[in-house]
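Numbering that gives the first Met the number 0 puts the first residue of the sequence shown at 0, with every later residue one more than the last.
Worksheet for the structure shown next.
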Amino acid sequence: MRNRIMPGVYIVIIPYVIVSICYLLFRHYIPGVSFSAHRDGLGATLSSYAGT
């Protein structure tokens with residue numbers, strides 16, 4: 000039973016791990032780029048996607 004469940008768990012967990020590592024590295028090495036500092040750009044991006 001374990002052999003049938005684990006591939007599904009890996010498919011869910013691996014993207015979260017990759018994105019979390021990339022987020023932490025991006026935040027550490029490029030701290031000047033943040034969405035909280037540029038909310039106008041983030042809002043424009045979200046509104047453009049909402050209109051499509």
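Glycine included, every Cβ here is placed at the ideal spot set by N, Cα and C.
{"Query": "Would you say residue 43 lies against chain B (beta-carbon separation less than 7 Å)?", "Result": "You won't find chain B in this structure, because it holds only one protein chain."}
{"Query": "Rounding to the nearest angstrom, what Cα-Cα distance links residue 13 and residue 43 in this structure?", "Result": "31 Å"}
{"Query": "Which of helix, strand or coil does DSSP assign to residue 46?", "Result": "helix"}
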